[in-house]
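Student: The structure that follows is given in the form of structure tokens.
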Amino acid sequence: MKRLLTLILALLLILMTFGCGESAIDEVEEEEDAEGELVLFDNSDYDWQRFKDRDITINVFNWGEYIADGLNDMFTEITGIKVNYSNYDTNETMYAKLSGGGASYDVIVPSDYMIARLIREGLVQKLDFANIPNVKYNLDTLDSSFDPTEEYSVPYTWGLVGMVYNTNYVDADDIKSWSALWNTDKYSGKILMFNNPRDAFAIAHKKLGLSLNTHIKKEWDTAFDELVLQRSHLYSYVTDEIFNKMESGECWIAPCYAGDFITMYDMNEDLAFSYPEEGTNVFVDSMCVPVSSKNKEAAEMYINFMCDPNVACENINYIWYFTPNAETEQMEDYFANCDLDEVSDDVIATPEYLEKCEAFVALEPDTQKYMESLWLLLKKSDVGWGLYITVAAILVFSIGLYVFKRIKKAKESK
Amino acid sequence: MRGISKAYMVLVMVFLYAPIAVLIFFSFNAGNSTSVFTGFSLQWYKELFQDEETLSALYNTLVVALLSSGISTVLGTAAAVGINKLNKWMKNVVMNITNLPMMNPDIVTGISMMLLFVFAGSILGSDDVLGFGTLLIAHITFNLPYVILSVLPKLRQLDSHLVEAAEDLGCPANKTFFKVVLPNIMSGVITGFMMAFTLSIDDFVISYFVSGPSFQTLPLRIYSMTKRVVRPSINALSTLIFVSILVLLIVINVLQAKDEKKAERRRRAAK
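Below, the structure is given as structure tokens:
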């Protein structure tokens with residue numbers, strides 16, 4: 003026993019030192035790289051140092067895995083402002099945390115429809131663009147209907163929903179339209195679909211040529227019928243499983259974000275991507291300052307830093323979503339470290355195509371409720387039988403057990 | 011029949027340990043997929059030790075787990091000693107009250123605690139109370155019943171004549187507790203501590219509501235990663251945690267076995 007223990011401990015120790023040793027070497031290399039490469043694009047007349055000795059810490063609340071390594075450190079180095087970085091996984095959890103109170107955040111990065119809601123509820127404040135001069139680099143072609151006056155938010159990344167497909171099994175000609183996800187003759191059982199009502203209905207709406215922000219009940223009903231048609235031919239409704247199912251070739255077609263496709267392509271080069279001709283949903287994740295912020299100016303400095311073309315480029319090369327930064331788009335390093343070359347034309351959308359795309363706008367409460375009830379209806383019959391069978395099996399089993407015990411007892415008492 | 015029972019055991023083991031085995035297996039994957047194995051490498055371990063966010067989250071988790079389980083072990087043991095002395099009716103009442111946080115769904119505990127902290131914060135005039143302090147208080151709260159539950163049976167088993175004998179021989183109450191009672195219930199205290207520690211390490215729901223921006227724990231960090239692909243460096247981290255806990259458990263078991271052997275020997279010698 004003792005020997006086994008020593009063996010395990012020794013193994014653990016070796017593993018640890020191995021990891022540590024190598025990481026130390028790499029860190030040195032990386033530091034050299036960083037010093038050599040990443041400098042600010044335009045340093046001219048912005049005073050980065052004005053909070054240097056004030057010992058300020060800002061709380062940044064961002065999606066998980068949504069910033070390039072080292073950018074926060076670089077910001078601290080330049081400005082002397084410390085960054086407290088924490089993560090959330092959906093807009094809704096972020097909202098819960100923000101509206102719950104008890105914590106003050108300085109910078110948050112919600113998506114379009116959530117920004118509209120935060121503005122409506124007065125949870126974010128107007129920005130002082132004198133402190134964010136780098137905003138001049140941002141594209142003005144992006145849909146900003148969620149923040150019509152553009153006073154509350156500065157775009158961080160954006161992207162489009164398209165379709166990823168496996169070229170070994172799927173004809174490129176079939177994939178021109180959203181109807182590929184309804185192509186039940188050829189691809190039945192190999193199709194994936196988004197597992198949340200807003201995204202799923204958006205695809206159905208777009209396929210039918212309707213607006214994805216419609217308030218007409220009938221249009222939701224027709225979209226519902228469309229989704230019912232598709233349901234029995236799906237592999238399943240998924241969220242994160244898309245990556246594994248597509249990479250392993252288990253499924254052939256799935257809707258997905260362009261940035262996520264690049265991640266998948268890295269794993270499986272048989273995958274390809276396409277934007278359906280009917281147009282699609284565009285999302286914008288923007289930086290905002292909540293009203294609870296205590297260091298608004300420092301928060302604006304952070305936003306300005308993120309808008310620097312060089313910083314944005316570094317960031318995008320990690321996230322692989324699109325940049326709202328016009329200057330970054332022109333850079334040679336933009337998307338430099340992915341194997342994108344051959345597929346880039348498919349992934350980068352033309353301005354004409356963008357015309358056909360729509361961002362989510364917060365739905366009226368009535369419509370929201372109606373959509374959720376339709377979604378429940380759609381999913382209910384999905385699991386119904388399994389659930390009933392399980393419940394029945396448990397019932398039969400427990401009754402059987404009870405009867406068995408009774409019989410046994412009766413026999414014993416005899 | 012024997013074959014069937016053996017097969018059943020194997021099946022149980024497979025179900026229990028296959029997920030962990032797969033997780034460990036893929037932590038050594040050369041590619042970054044969690045489903046296709048492309049070759050052996052330690053790169054994810056390397057990446058793990060460079061990921062400062064994750065390491066600091068791990069550090070935070072360990073600090074909270076150690077502190078909260080330590081404090082709740084002390085409080086819980088004291089409480090158990092008190093509860094043990096109550097009459098039957100009172101004991102039932104107090105036990106039900108202490109069990110409440112354990113029976114309550116995590117999400118209810120989490121939200122109610124958050125509301126309480128925010129409310130208390132607003133009285134104190136602070137609008138960012140959520141942080142290390144609140145997290146620690148919450149963890150102590152949900153750890154307590156487990157400690158009490160594992161210490162109480164040991165106290166019940168304790169021969170009350172032992173305590174009386176010590177007092178008869180003129181031992182002061184304090185000393186009786188530390189010299190006579192505590193050594194006899196030690197295994198229960200350790201079990202309680204271990205339970206509290208592991209519960210605190212993997213708590214997500216309550217931590218989610220009561221933590222602030224300045225203090226993020228590992229489960230929160232890992233969960234936020236799932237929006238996009240979970241990187242295999244998390245497999246590497248889980249592997250290391252699994253191995254460390256395994257080692258810890260083995261050490262405790264070995265120590266306990268040794269103690270029992272010693273006690274056995276002593277008993278025999280006494281005879």
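If you're matching them up, the sequences are chains A and B in order. To convert, count from 1 in the first sequence and add 2; that's the working numbering. To convert, count from 1 in the second sequence and add 10; that's the working numbering. Glycine included, C-beta positions come from ideal geometry on N, C-alpha and C.
1) Which residues share a DSSP beta bridge with PRO257 (chain A)?
2) Is it true that the stretch 145-165 of chain A meets the stretch 322-334 of chain A, where meeting means three or more beta-carbon pairs spaced less than 8 Å apart?
3) Note down, in chain order, all residues in the stretch 265-294 of chain A with a beta-carbon under 7 Å from any beta-carbon belonging to chain B.
4) Check each residue of the stretch 47-69 of chain A: if its Cβ is closer than 7 Å to any Cβ of chain B, include it; give the result in chain order.
5) Under a CB-based cut-off of 9 Å, is GLU270 (chain B) close to chain A?
6) Say whether chain B places a C-beta atom closer than 9 Å to the C-beta of GLU79 (chain A).
7) Kindly give me the distance between the Cβ atoms of GLU374 (chain A) and PRO199 (chain A), rounded to whole angstroms, as I take these residues to be in contact under 8 Å.
8) Between LEU140 (chain B) and ALA105 (chain A), which are expected to be in contact by the criterion C-beta below 8 Å, what is the C-beta distance as a whole number of angstroms?
9) Near LYS101 (chain B), which residues of its chain fall below 7 Å by C-beta distance, leaving aside the five closest residues on each side in sequence?
10) Please classify TYR87 (chain A): does DSSP put it in a helix, a strand, or coil?
11) Which residue comes first and which comes last in the alpha helix (DSSP H) that contains PHE36 (chain B)?
12) Can you name the residues of chain B whose CB is closer than 7 Å to the CB of TYR107 (chain A)?
13) Out of A:ASP142, A:LEU212, A:GLY211 and A:LEU229, which has the shortest C-alpha to C-alpha gap to TRP184 (chain A)?
14) With a threshold of 16 other CB atoms inside 10 Å of the CB of LEU378 (chain A), please say whether the residue is buried or exposed.
15) May I ask you to verify whether the stretch 156-168 of chain B touches the stretch 82-93 of chain B, counting CB pairs closer than 8 Å and requiring at least 3?
16) Is it buried or exposed for LEU273 (chain A), if we count other Cβ within 10 angstroms and need 16 for buried?
17) Quick one: which unbroken alpha helix (DSSP H) runs of 4-plus residues sit fully inside the stretch 112-194 of chain B? Chain order, please.
18) Looking at the unbroken beta strand (DSSP E) that takes in PHE77 (chain A), where does it start and where does it end?
19) Hey, is the stretch 195-207 of chain B in contact with the stretch 81-101 of chain A, meaning 3+ C-beta pairs nearer than 8 Å?
20) Here's a check: name, in chain order, each residue in its chain whose Cβ is nearer than 6 Å to the Cβ of ARG119 (chain A), leaving out the five neighbours to either side.
21) Can you check DSSP and say which residues form a bridge with ILE110 (chain A)?
22) Rounded to a whole number of angstroms, what is the C-alpha to C-alpha distance between LEU58 (chain B) and ASN39 (chain B)?
23) Alpha carbon to alpha carbon, what distance is there between VAL157 (chain B) and ILE396 (chain A)?
24) Report the neighbours of LEU140 (chain B) on chain A: residues whose CB is nearer than 7 Å to its CB, in chain order.
25) If you pair each beta-carbon of the stretch 174-181 of chain B with each one of the stretch 64-76 of chain B, do three or more pairs fall below 8 Å?
26) Decide if the stretch 325-334 of chain A is in contact with the stretch 163-177 of chain A; the criterion is three or more beta carbon pairs, one per stretch, under 8 Å apart.
27) From which residue to which residue does the alpha helix (DSSP H) around PHE203 (chain A) run?
28) Is it right to say ASP55 (chain A) is buried, meaning 16 or more other beta carbons lie within 10 angstroms of its own, or is it exposed?
29) Starting from TYR90 (chain A), find everything on chain B with Cβ-Cβ shorter than 7 Å and list it in chain order.
Tutor: Straight from the coordinates:
1) Taking the first residue of the first sequence as position 1, residue 257 (chain A) is located at position 255. In DSSP, PRO257 (chain A) forms a bridge with A:MET165.
2) yes
3) THR265, MET269 and SER294
4) ASN61, PHE63, TRP65, GLY66 and GLU67
5) For the purposes of this step, residue 270 (chain B) is taken as the residue at position 260 of the second sequence. With 9 Å as the cut-off, GLU270 (chain B) does not count as an interface residue toward chain A.
6) Along the first sequence, read from residue 1 onward, the residue named residue 79 (chain A) stands at position 77. No, because no Cβ of chain B sits closer than 9 Å to the Cβ of GLU79 (chain A).
7) Here residue 374 (chain A) corresponds to residue number 372 of the first sequence, with the count starting at 1. Here residue 199 (chain A) corresponds to residue number 197 of the first sequence, with the count starting at 1. Correct: roughly 6 Å between the Cβ atoms.
8) Counting from one through the second sequence, the residue named residue 140 (chain B) turns up at place 130. Counting from one through the first sequence, the residue named residue 105 (chain A) turns up at place 103. Their Cβ separation, rounded to whole angstroms, is 4 Å, which keeps LEU140 (chain B) and ALA105 (chain A) in contact under 8 Å.
9) Counting from one through the second sequence, the residue named residue 101 (chain B) turns up at place 91. Excluding positions up to five away in sequence, the list reads ILE93.
10) Translated into positions along the first sequence, residue 87 (chain A) becomes position 85. It is a strand residue.
11) One-based indexing of the second sequence puts residue 36 (chain B) at position 26. Run containing PHE36 (chain B): 12-37, per the alpha helix (DSSP H) assignment.
12) Position 105 of the first sequence holds residue 107 (chain A). Simply PRO223.
13) Here residue 184 (chain A) is taken as the residue at index 182 of the first sequence, counted from 1. It is A:LEU229.
14) The count along the first sequence starts at 1 and reaches residue 378 (chain A) at position 376. By the 10 Å Cβ count, LEU378 (chain A) comes out exposed.
15) yes
16) The residue you call residue 273 (chain A) lines up with position 271 of the first sequence. When all chains shown are included, LEU273 (chain A) counts as buried.
17) 116-134, 142-167, 170-178 and 183-186
18) Along the first sequence, read from residue 1 onward, the residue named residue 77 (chain A) stands at position 75. Premise fails: PHE77 (chain A) lies in the alpha helix (DSSP H), 73-81, not in any beta strand (DSSP E).
19) no
20) For the purposes of this step, residue 119 (chain A) is identified with residue 117 of the first sequence, where counting begins at 1. The answer, listed in chain order, is ALA364.
21) Here residue 110 (chain A) is taken as the residue at index 108 of the first sequence, counted from 1. DSSP lists A:PHE63 and A:CYS290 as partners of ILE110 (chain A).
22) Locating residue 58 (chain B) in the second sequence gives position 48, where the first residue counts as 1. Locating residue 39 (chain B) in the second sequence gives position 29, where the first residue counts as 1. Taking the straight line from one Cα to the other gives about 14 Å.
23) Looking up residue 396 (chain A) in the first sequence gives position 394. Looking up residue 157 (chain B) in the second sequence gives position 147. Their backbone Cα atoms lie some 34 Å apart in a straight line.
24) In the second sequence, the residue the question calls residue 140 (chain B) occupies position 130. By Cβ distance, chain A contributes GLY104 and ALA105.
25) no
26) no
27) One-based indexing of the first sequence puts residue 203 (chain A) at position 201. Segment 199-209, the alpha helix (DSSP H) holding PHE203 (chain A).
28) On the first sequence, position 53 is the one that residue 55 (chain A) refers to. Classification for ASP55 (chain A): exposed.
29) Counting from 1 along the first sequence, the entry for residue 90 (chain A) is found at position 88. Ordered by position in chain B, the residues that pass the 7 Å Cβ test against TYR90 (chain A) are SER234.
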